[in-house]
């Protein structure tokens, strides 16, 4: 029994170690301006110019010919009104990095709901693997908008799981509130990234 417990502790220690290495590598990529998926700095310059355009006059510039993005401007509007770190490019990039970290966190809780008996440290390692994805990394490092859509997808899934799990225990008001939240987050997916139209 003691050997088995020691083995479990060794597995947990390894999971924590590798998760930490992945996280450090993720931060290293940000501070070295990694561009693993390609076009990150170029896209960032477009995003930064769009942000400055809408920051000057949000509503009158929504249909400006200078606005250069295939996505709706929701992420820009949220940054302008809710993000205090948009004064310069580096602060803006840092803020999008921090927001992107919600993806592995929400993914962890999504897995935890479905695999309650699974070891938390192994789940942590599984969710850390996202931070190795060149697509996720470039999006997080260069202020691109794809990760916002993923945050809404995972939020929708968490709420959906809560509805399915606690359906019998909840009264009508809480059911309606959860349904309203799932409609809200699943709709936001599309406003952040049209590719996610299938989610709602």
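Residue numbers (the working numbering): 154 to 353.
Heads up, the beta-carbon is just placed ideally off N, CA and C, and yes, glycines get one too.
Taking C-alpha atoms, which residue in 279, 303, 277, 243 lies nearest to residue 289? 303
Going by DSSP, what residue range makes up the alpha helix (DSSP H) through residue 259? For residue 259, the enclosing alpha helix (DSSP H) stretches over residues 255-267.
Take the Cβ of residue 293 as the centre, count every other Cβ of all protein chains shown within 10 Å, and call the residue buried at 16 or more, exposed below. buried
Does the region 272-287 come close enough to the region 159-178 that 3 or more CB-CB pairs lie under 8 Å? Below 8 Å, enough C-beta pairs join the region 159-178 and the region 272-287 to call them touching: three or more.
Using a Cβ-Cβ cutoff of less than 6 Å, which residues in the same chain neighbour residue 250 once the five nearest sequence positions on both sides are dropped? 183, 293
Using 7 Å as the threshold, is the C-beta distance between residue 204 and residue 229 below it? yes
Out of 167, 330, 310, state which residue places its alpha-carbon closest to the alpha-carbon of residue 256. 310
Would you report the Cα separation of residue 202 and residue 188, rounded to the nearest angstrom? 19 Å
Which first and last residues belong to the alpha helix (DSSP H) in which residue 293 is found? From DSSP, the alpha helix (DSSP H) with residue 293 extends over 287-294.
Local Cβ density within 10 Å of residue 300, reported as buried at 16 or more and exposed below that: Result: buried.
Just the Cα atoms here: how many angstroms apart are residue 348 and residue 338? 15 Å
When we look at the beta-carbon of residue 344 and count the other beta-carbons within 10 Å, is it buried (16 or more) or exposed? buried
Roughly how many angstroms separate the alpha carbons of residue 264 and residue 312, rounded to a whole number? 13 Å
Should residue 226 be labelled buried (16 or more other beta-carbon atoms within 10 Å of its own) or exposed? buried
If you draw a straight line from the alpha carbon of residue 243 to that of residue 185, how long is it in whole angstroms? 12 Å
Examine the ligand HEM and report whether any of its heavy atoms sits within less than 6 Å of the Cβ of residue 165. The model on display carries no ligand, and the ligand HEM is accordingly not part of it.
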